[in-house]
Amino acid sequence: MAQKVVTTYVDDLTGEESSEIATHSILVDGAGVEIDLTDENYEKLLEILNPYLHADGARRIRGASRAKAKPGAAAGGKEESSAIRAWAKENGFEVSDRGRVPATVREAYEKAR
54 MAQKVVTTYV DDLTGEESSE IATHSILVDG AGVEIDLTDE NYEKLLEILN
104 PYLHADGARR IRGASRAKAK PGAAAGGKEE SSAIRAWAKE NGFEVSDRGR
154 VPATVREAYE KAR
């Protein structure tokens, strides 16, 4: 018997299905959530958070993983994914031109920076 497994990625905010869904981690006061969003909804989230993330006294937290395996992470969007893909290809990783960037690739990229 043959079996076919289909994975469907869904935007947690809108319920929209897309192959361009990325998982983003959000941490506030030590409590966090992961949310799967299209690039468009992630950009909207960043617009809302931008004044807080770039406040004069804001400090970046190092050591915390910015992304889980699925793609995206709470920083970057399309531009970051493109940069990671380019870096990965230059450094011998196999990555597709679309869809999720594997967590192992994102983690290697973060360590290399």
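Take 54 as the starting number for the sequence shown in my numbering and just add one per residue. Glycine is no exception: its CB is placed at the ideal position from the N, C-alpha and C atoms.
Backbone CA spacing between residue i and residue j [nearest angstrom]
i	j	result
Ala-127	Val-154	The predicted model places Ala-127 with a pLDDT of 40, which falls under 50 and marks its position as unreliable, so this point remains unresolved.
Trp-140	Arg-151	15 Å
Val-3	Ala-111	Residue 3 cannot be examined here, being either before or after the span of the chain that is shown, 54 to 166.
Arg-138	Ser-149	8 Å
Ala-156	Lys-164	12 Å
Thr-67	Ala-136	27 Å
Gly-145	Met-54	37 Å
Glu-100	Glu-143	31 Å
Gly-85	Asn-103	18 Å
Tyr-95	Glu-147	25 Å
Pick from the options that is closest to residue i, judged by C-alpha positions
i	options	result
Lys-131	Phe-146, Leu-66, Glu-147, Lys-97	Lys-97
Ile-79	Ala-136, Glu-163, Ile-114	Ile-114
Arg-166	Ser-149, Asp-82, Glu-133	Glu-133
Leu-106	Val-81, Gln-56, Val-86	Val-81
Asp-65	Glu-147, Glu-160, Glu-87	Glu-87
Where residue i falls, given that 16 or more other Cβ within 10 Å makes a residue buried
i	result
His-77	buried
Tyr-162	buried
Ala-75	buried
Asp-109	exposed
Val-158	buried
Cβ-heavy atom distance, residue i to the ligand SAH, below 7 Å
i	result
Thr-61	In the structure shown, the ligand SAH is absent, as is every other ligand, since no ligand is present at all.
Task: Cβ contact check for the stretch 54 to 71 and the stretch 88 to 104: 3 or more pairs under 8 Å - done: Result yes; three or more Cβ-Cβ pairs closer than 8 Å.
Task: Contained beta strand (DSSP E) runs [length at least 3] in the stretch 55 to 81, N- to C-terminal order - done: The qualifying runs are 75 to 81.
Open item on the list: Which runs of the beta strand (DSSP E) at least 3 residues long sit entirely within the stretch 136 to 165? Give them in chain order.
Closed with: DSSP runs (the beta strand (DSSP E)) wholly in the stretch 136 to 165: none.
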